[in-house]
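This report refers to the structure that appears directly beneath it.
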Amino acid sequence: MMSRSDVRKGAQRYDAGRPFVIGLTGSVASGKSTVANLLRDHGAAIIDADQVYRSLLAPGSALRQRLVDRFGRAIVGTDNAIDRARLGRIVFQDPE
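Here the sequence shown stands for residues 0 to 95, where the numbers follow numbering that gives the first Met the number 0.
Shown next as structure tokens:
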């Protein structure tokens, strides 16, 4: 594990007048939400890609309807959510 001094040595100077983006990735239960909450507590704006995805494909959304119109009801699972695996198979098997 890196020490704080190692981190400081490797850090670049930050221009407080310019915003920057931090991307948090990791496997399930790796601490992404914990880190995001810590950043939020320090004033960072957080964009949760999972929430954005869910809202874009929520029942009644324009994008969801366009996907169903284009690829058929087969992409809708029994839980009424878009089945990403089915959609992926359809999309990536189509040469166009």
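Even for Gly, the Cβ is constructed at its ideal location relative to N, Cα and C.
According to DSSP, residue i sits in a beta bridge with which residue or residues?
i	result
Ile81	Val75
Decide if residue i is buried, meaning its Cβ has at least 16 other Cβ atoms within 10 Å, or exposed.
i	result
Ile81	buried
Ile74	buried
Check this for me: beta carbons of residue i and residue j, under 8 Å apart or not?
i	j	result
Leu56	Arg63	yes
Ile45	Ala61	no
Gly22	Lys31	no
Pro94	Asn79	no
Using a threshold of 7 Å, is the CB atom of residue i nearer than that to any non-hydrogen atom of the ligand SAH?
i	result
Asp14	In the structure on display, the ligand SAH does not appear, and there are no ligands present to speak of.
Does any C-beta atom of chain D lie closer than 8 Å to the C-beta of residue i?
i	result
Ile74	Of the protein chains in this structure there is only one, and it is not chain D.
* Whole alpha helix (DSSP H) runs in the stretch 23-80 with 4 or more residues, listed along the chain? -> 31-40, 48-55, 61-70
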